Structure formats: structure tokens, C-alpha cells
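J.:
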Amino acid sequence: MAVKKVSREHAYKLGLWNEREANRSGLLDAEELEIPCWRYALISLPHPILKQGLSILDTAGLNVLRVEPELTLSLFPSAEAIIFVLATDSDDTSCDLEIWRNYINRVRRDDQVSVAVVMNKIDALWDSASDESAYSLSVAPQITGITEKLGIDKQLIFPVSARQALMAKINSDPDLLEKSRLANLESYLSDSVLSYRGQLSKQSIIKKLVFLLNKSLSLSETKYKYALDQLEEFKQIDCDNADMISKLMAETQERQQVYLLSVEKFQASRRVFSVQAKTLIDALSQEKVNLVIQRSKQELTKGLTTYALKQNIQLLFDDLREVLLEAVETANETQELVGVIHRKFGEKYGVGEGEVKLFSLDQYQFELEQILTEGETFRSSLKTTMTEQSIVVKKLYSSIISKIRDVFYQANQDATEWSDSVLLPLMRQIKEHKKQTESRLHMLRKISNSNRRHC
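Going by our numbering, the sequence shown opens with residue 2, and the numbers climb by one from there.
So this is what it looks like as C-alpha cells:
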């Protein structure tokens with residue numbers, strides 16, 4: 002992607018300076034920054050679908066795509082839906098088909114991305130004397146042709162007239178709006194994108210709620226069971242038997258000592274876990290990733306030949322993959338330590354039982370491999386071979402490496418969140434154990450004091 006250097010103040014005025022992002026990229030102290038020559042304008046419109054949270058990126062046209070492909074292609078992997086727009090009044094070009102086959106089809110294999118085709122300018126087929134059936138007959142062959150060329154279902158091809166839809170909305174003409182067939186496309190966007198996004202949000206919220214509810218339910222059941230056991234025990238106590246009460250008080254005080262010991266053990270285990278958790282978080286830190294990236298960047302700029310450059314890019318990809326693999330090993334060790342801590346407290350002190358919140362880097366490994374596959378296509382392409390090396394390095398870092406940084410950043414955030422919360426349920430159980438012991442001791446003291454007064 003074409004870039005230019007500007008001062009940090011100028012980048013800030015353009016809305017392209019973010020302190021947190023700069024810190025992640027190791028650019029916090031930079032006096033000058035590289036910003037893209039091409040940028041997207043942000044436009045807000047009062048449309049019902051947009052109000053529901055849909056964001057639409059109108060990507061660059063084919064003329065710009067040839068000059069700045071990353072401006073469009075870099076957005077494909079993160080898109081929830083791709084709308085491929087063709088004009089009814091012109092033939093599909095080889096460039097159209099190349100973009101579809103080489104880029105959109107690759108993203109289309111992902112079940113999480115919806116892909117549809119829009120046939121715009123259907124008003125070119127209209128004849129004022131023609132009826133609806135005549136129009137359908139004229140547009141049907143074009144739909145069939147697109148289906149065969151692109152290998153897409155007819156249900157995902159939407160003939161529309163954007164011009165007529167605009168005129169209909171300006172003039173409040175419902176008949177013309179219906180004729181433009183824009184409503185079909187809007188329904189598709191609402192059903193396929195917003196509905197799917199809502200399902201993902203619900204699943205994420207439900208998963209978290211189920212985990213929290215299970216923990217709360219388990220704790221409540223434990224408290225209830227203990228209360229019943231304690232009530233049954235107190236019913237069987239001979240209040241006139243001072244020796245029995247003294248014995249029970251001694252046992253409870255001994256439990257208190259066990260609790261104090263468990264707290265000490267927990268604090269020690271927590272310190273060990275904190276060290277291991279820090280190792281995990283550091284393994285995914287931007288500092289570690291930037292160290293690999295900056296070291297490789299120096300090697301990339303030293304390469305005298307295109308072959309050497311491509312080899313160094315491959316080494317960079319291998320190094321970044323290795324960084325995540327090392328983090329996976331550390332995550333497994335950290336998770337194993339959490340399991341050991343829970344088992345130890347369950348066996349020795351009767352707390353720590355229940356489901357342990359798991360942490361996995363599988364999703365980030367998958368995302369990284371997707372980006373590296375994209376990077377391999379970039380590395381081995383003829384265009385990369387024919388492009389000046391400094392431009393290749395800039396494009397590599399502005400697209401592929403930038404995405405990889407985002408993957409590690411999100412993994413680091415998730416690891417931090419998990420590390421902060423994974424031992425909280427165990428801590429709550431230990432505190433609840435303390436309350437139960439103190440409550441039992443309090444009741445026994447009341448019984449003992451009551452007996453003394455009666456004496």
C-alpha cells in the first residue's frame with residue numbers, strides 16, 4: 002500500500018494517531034509516521050440497517066485495485082460478508098473473474114463469511130412497454146450466466162437498480178422502490194450478516210453466563226448442603242453435655258487452623274501461578290513480537306537479491322509461527338498448573354472442585370496460519386518478484402505483519418483476562434469455607450454460653 006511520511010501531529014489531526022496502537026507497534030516515540038496515501042472516508046447515514054450496527058465498506062474500484070490491491074484485498078479476511086457488484090449493461094471482464102477466483106473464492110470457503118453478487122443497473126433492461134414477465138425473461142439469462150461463471154447459487158444473485166432506488170427514496174415513490182428490487186438485497190444483509198452477528202454475540206454471552214451460573218450454582222449447592230449438615234449435627238448435640246460441646250469446639254478450631262494453612266498454601270500457589278502467567282503473557286507480548294519483526298526487517302533490507310528477500314520473508318514467517326508455538330507450550334504448562342492447584346486443594350482441603358475455565362490458543366493459531374497463507378501468496382507472487390525491494394518490504398509490513406500484530410495483541414489480551422480470573426472461583430470457595438467454619442464456631446459458643454447461664 003502506498004504510504005507517505007508525516008509528523009505525528011499531522012497524523013493526529015487526520016485521526017490516524019492512536020497512542021495504544023503506536024505503543025503496540027513500537028512507534029510511541031516516533032517523530033514521523035507512515036500513513037496510507039489512500040484512505041476510506043467515514044460517512045454516517047440514517048438507515049435502519051446501519052442503525053442496527055452494520056458497517057459497509059465501499060472498496061476501491063478496479064482502476065485503483067490494480068495500483069493499490071492491498072487497500073481492498075487486506076479487508077477480505079476480516080469481512081463478515083462480501084458483496085460483489087457487477088453491471089448488467091457491461092460484460093464481465095477478465096479482471097472481475099480474476100478477483101473472484103483468486104481472492105473472493107478463497108474467503109468464500111470460510112463458512113463464517115457470506116458472499117453474494119449484485120447485478121446493478123437492471124433499469125437498462127427496462128422497457129416502459131414491457132410488463133414484469135418480459136423483464137424477468139430478459140434478466141434470467143444473465144443470472145444463469147453469472148451462476149455458471151462464478152459457481153454461485155442463484156439465490157445469492159440480486160438484480161437491483163441503485164439509481165432507481167435512490168430516485169424512489171428521494172421522491173418517496175414506493176412503487177419505483179419495489180421495482181428497483183433493493184429490498185431483496187437489504188433483507189439479505191439483515192438476515193445473513195446482522196442475524197449471524199447476533200447469534201455469535203448471543204453464543205458468546207450465553208457461554209460466559211453458563212460458566213458463571215454453574216460456578217454460582219455449585220457454590221450455592223455447597224452452602225446449602227453444609228447448612229443442612231450443620232443443622233442436622235446441631236439437632237443431635239446434647240446441649241447438657243459440656244464435654245461434647247468442648248470437643249466439637251476444639252474440632253472446629255482445628256478446622257480454623259487448617260483454613261489458615263490453606264490460605265497460606267493458596268497464596269504460595271498463587272505466587273507460583275503469577276510467575277507462570279506472566280511468562281505466558283510475555284510470550285504473547287507486543288515487545289516479543291516487535292523484537293522478531295524488527296530483527297527480521299533489518300535482514301530484509303540487507304538482502305541484495307529478490308531471492309534473498311523472499312528467503313528472509315520465509316524466515317520471518319517461520320519465526321513468528323515459532324513464537325506462537327512457544328506460547329502454546331507455555332499456555333499448556335500454565336493450564337496444567339491451574340489443574341494441579343485445584344486438585345491439591347480439592348484433596349487436602351475439600352475446596353477447588355468443579356469445572357476449571359480453560360484457555361486455548363487454537364483460534365489464534367488458525368488465524369495466524371490464514372494470514373501466513375496470504376503472506377506466502379504475496380511472497381511467491383510474480384508482482385513481488387518484479388517490484389523494488391523497499392516497496393515490497395513496506396507492503397509486507399503494512400498488510401501481513403500488521404494483521405499478525407493484531408492476532409498476537411488479541412491473544413495477549415485474552416491471556417491476561419484469563420490469568421486474572423481463573424483462580425477467582427477457588428478463592429471464593431476458600432473464603433466461603435472460612436465463613437462456614439466461623440459460623441459453626443459461633444453457634445457452638447452460643448450453645449456453650451447458654452449452658453453456663455443455666456448452670
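Backbone N, C-alpha and C define an ideal beta-carbon position, used for all residues, glycine too.
Bear in mind that the values here come from a model prediction, so they are computed numbers and not experimental data.
Can you tell me the Cα-Cα spacing of Gln-257 and Lys-432, whole angstroms?
T.: Here residue 257 corresponds to residue number 256 of the sequence shown, with the count starting at 1. Here residue 432 corresponds to residue number 431 of the sequence shown, with the count starting at 1. Their backbone Cα atoms lie some 12 Å apart in a straight line.
J.: Look at Val-423 and Lys-358 and say whether their C-beta atoms are less than 8 Å apart.
T.: As a working note, residue 423 is residue 422 in the sequence shown. As a working note, residue 358 is residue 357 in the sequence shown. Yes, they are a contact pair.
J.: When the Cα atoms are used, what is the spatial distance from Ala-412 to Thr-148?
T.: Taking the sequence shown and counting its residues from 1, the one referred to as residue 412 is at position 411. Taking the sequence shown and counting its residues from 1, the one referred to as residue 148 is at position 147. Roughly 40 Å between the two C-alpha positions.
J.: Tell me the rounded alpha-carbon separation between Ala-12 and Leu-34.
T.: Taking the sequence shown and counting its residues from 1, one reaches residue 12 at position 11. Taking the sequence shown and counting its residues from 1, one reaches residue 34 at position 33. Whole-angstrom Cα-Cα distance: 7 Å.
J.: In the structure shown, what three-state DSSP assignment does Ser-1 receive?
T.: The first residue shown for the chain is 2 and the last is 456, placing residue 1 beyond what the model contains.
J.: Using CA atoms only, rank isn't needed, just tell me which of Glu-439, Val-290, Thr-388 and Phe-379 is closest to Arg-406.
T.: Here residue 406 refers to the residue found at position 405 of the sequence shown. Closest option to Arg-406, Cα to Cα, is Val-290.
J.: Can you tell me whether DSSP reads Phe-212 as helix, strand or coil?
T.: Taking the first residue of the sequence shown as 1, we reach residue 212 at position 211. Helix.
J.: Just the Cα atoms here: how many angstroms apart are Ala-130 and Ser-400?
T.: As a first step, residue 130 must be located in the sequence shown, where it is residue number 129. As a first step, residue 400 must be located in the sequence shown, where it is residue number 399. Annotation note: pLDDT 44 at Ala-130 (below 50); position unreliable, no value reported.
J.: Quick check for students: name the residue ranges of the alpha helix (DSSP H) that lie wholly in the stretch 342-405, counting only runs of 4 or more.
T.: DSSP runs (the alpha helix (DSSP H)) wholly in the stretch 342-405: 363-381, 383-387 and 390-399.
J.: Taking the alpha-carbon positions, what's the Leu-76 to Ser-270 distance?
T.: By one-based count along the sequence shown, residue 76 stands at place 75. By one-based count along the sequence shown, residue 270 stands at place 269. Going from the Cα of Leu-76 to the Cα of Ser-270 covers about 45 Å.
J.: What do you reckon, are the CB atoms on Thr-223 and Ala-278 nearer than 8 Å?
T.: Numbered from its first residue, the sequence shown carries residue 223 at position 222. Numbered from its first residue, the sequence shown carries residue 278 at position 277. Against a cut-off of 8 Å, the Cβ pair of Ala-278 and Thr-223 comes out as no contact.
J.: Along the beta strand (DSSP E) that carries Leu-87, what are the first and last residues, could you check?
T.: Taking the first residue of the sequence shown as 1, we reach residue 87 at position 86. Segment 82-88, the beta strand (DSSP E) holding Leu-87.
J.: Checking 8 Å against the spacing of the C-beta atoms, do Ser-115 and Ala-163 come in under that value?
T.: Taking the sequence shown and counting its residues from 1, the one referred to as residue 115 is at position 114. Taking the sequence shown and counting its residues from 1, the one referred to as residue 163 is at position 162. Going by C-beta atoms, Ser-115 is not nearer than 8 Å to Ala-163.
J.: Would you decide whether Ser-173 is buried or exposed? Buried here means 16 or more other CB atoms lie within 10 Å of its CB.
T.: On the sequence shown, residue 173 is found 172 positions in, with the first residue counted as 1. Looking at its Cβ environment, which holds fewer than 16 other Cβ atoms inside 10 Å, Ser-173 is exposed.
J.: Which partner residues of Ser-115 appear in the DSSP bridge assignment?
T.: Translated into positions along the sequence shown, residue 115 becomes position 114. Answer is Ala-82.
J.: Could you check where the beta strand (DSSP E) with Pro-175 kicks off and where it finishes?
T.: Stepping through the sequence shown from its first residue, residue 175 is reached at position 174. That residue, Pro-175, is in no beta strand (DSSP E); its alpha helix (DSSP H) goes 175-181.
J.: Should Asp-124 go down as buried or exposed, given a rule of 16 or more other Cβ atoms within 10 Å for buried?
T.: For this step, residue 124 is matched to residue 123 along the sequence shown. Asp-124 is buried by the Cβ-count criterion.
J.: Is it true that the CB of Trp-419 sits closer than 8 Å to the CB of Phe-490?
T.: Residue 490 cannot be examined here, being either before or after the span of the chain that is shown, 2 to 456.
J.: Any beta carbon of chain B sitting closer than 8 Å to that of Tyr-308?
T.: Although the question refers to chain B, the structure presented lacks it and comprises just one protein chain.
J.: Please name the residue in Arg-441, Glu-187, Val-264 and Gln-156 whose C-alpha comes closest to that of Leu-51.
T.: Reading the sequence shown from its first residue, position 50 is the one you call residue 51. Of the candidates Arg-441, Glu-187, Val-264 and Gln-156, the one whose C-alpha sits nearest the C-alpha of Leu-51 is Glu-187.
J.: When the Cα atoms are used, what is the spatial distance from Leu-397 to Leu-325?
T.: The residue you call residue 397 lines up with position 396 of the sequence shown. The residue you call residue 325 lines up with position 324 of the sequence shown. Distance between the alpha carbons of Leu-397 and Leu-325: 19 Å.
J.: According to DSSP, is Ser-129 part of a helix, a strand, or is it coil?
T.: The residue given as residue 129 occupies position 128 in the sequence shown. Bear in mind that a pLDDT of 49 at Ser-129, under 50, signals an unreliable position, so the number given afterwards is only what the model happens to contain. Of the three classes helix, strand and coil, the one that applies to Ser-129 here is coil, per DSSP.
J.: For Ile-282 and Pro-160, what's the separation of their Cα atoms in angstroms?
T.: In the sequence shown, counting from the first residue as 1, residue 282 sits at position 281. In the sequence shown, counting from the first residue as 1, residue 160 sits at position 159. Taking the straight line joining both Cα atoms gives about 50 Å.
J.: What is the residue span of the beta strand (DSSP E) that Ile-158 lies within?
T.: One-based indexing of the sequence shown puts residue 158 at position 157. Segment 158-160, the beta strand (DSSP E) holding Ile-158.
J.: For Leu-76, which of helix, strand or coil comes out of DSSP?
T.: Locating residue 76 in the sequence shown gives position 75, counting from the first residue. Here Leu-76 sits in coil by DSSP.
J.: Are there 16 or more other CB atoms within 10 angstroms of the CB of Lys-404, so buried, or fewer, so exposed?
T.: Within the sequence shown, residue 404 is the residue found at index 403, counting from 1. Answer is buried; the Cβ neighbour count reaches 16.
J.: With distance defined between alpha-carbon atoms, name the residue in Gln-437, Glu-288 and Leu-43 nearest to Thr-60.
T.: Mapped onto the sequence shown, residue 60 falls at position 59. Among Gln-437, Glu-288 and Leu-43, the Cα nearest to that of Thr-60 belongs to Leu-43.
J.: Can you tell me whether DSSP reads Arg-446 as helix, strand or coil?
T.: The count along the sequence shown starts at 1 and reaches residue 446 at position 445. Reduced to three states, the DSSP call for Arg-446 is helix.
J.: Looking at C-alpha atoms only, which residue of Ala-284, Ile-314, Arg-296 and Gln-390 is the closest neighbour of Glu-330?
T.: Looking up residue 330 in the sequence shown gives position 329. Checking every option, the nearest Cα to that of Glu-330 belongs to Ala-284.
J.: Taking Cβ positions, are Leu-1 and Trp-101 nearer each other than 8 Å?
T.: Look at the range of the chain in this structure, 2 to 456, and you will see that residue 1 is not part of it.
J.: Taking only three categories from DSSP, how would you classify Asn-413?
T.: Residue mapping note: residue 413 aligns to position 412 of the sequence shown, counting from 1. Asn-413 falls in the helix class under three-state DSSP.
J.: Is it a yes or a no for the stretch 336-343 touching the stretch 301-316, going by three-plus beta-carbon pairs under 8 Å?
T.: Contact between the stretch 336-343 and the stretch 301-316 is absent, because fewer than three Cβ pairs lie under 8 Å.
J.: Which term fits Ala-184, buried or exposed, when burial requires 16 or more other beta carbons within 10 angstroms of its beta carbon?
T.: Counted from its first residue, the sequence shown places residue 184 at position 183. Label assigned to Ala-184: exposed.
J.: Check Asn-1 in the structure and name its three-state DSSP category.
T.: Lying outside 2 to 456, the shown extent of the chain, residue 1 is not represented and no answer is given.
J.: Which first and last residues belong to the alpha helix (DSSP H) in which Ala-166 is found?
T.: For the purposes of this step, residue 166 is taken as residue 165 along the sequence shown, with counting starting at 1. Its alpha helix (DSSP H) spans residues 163-171.
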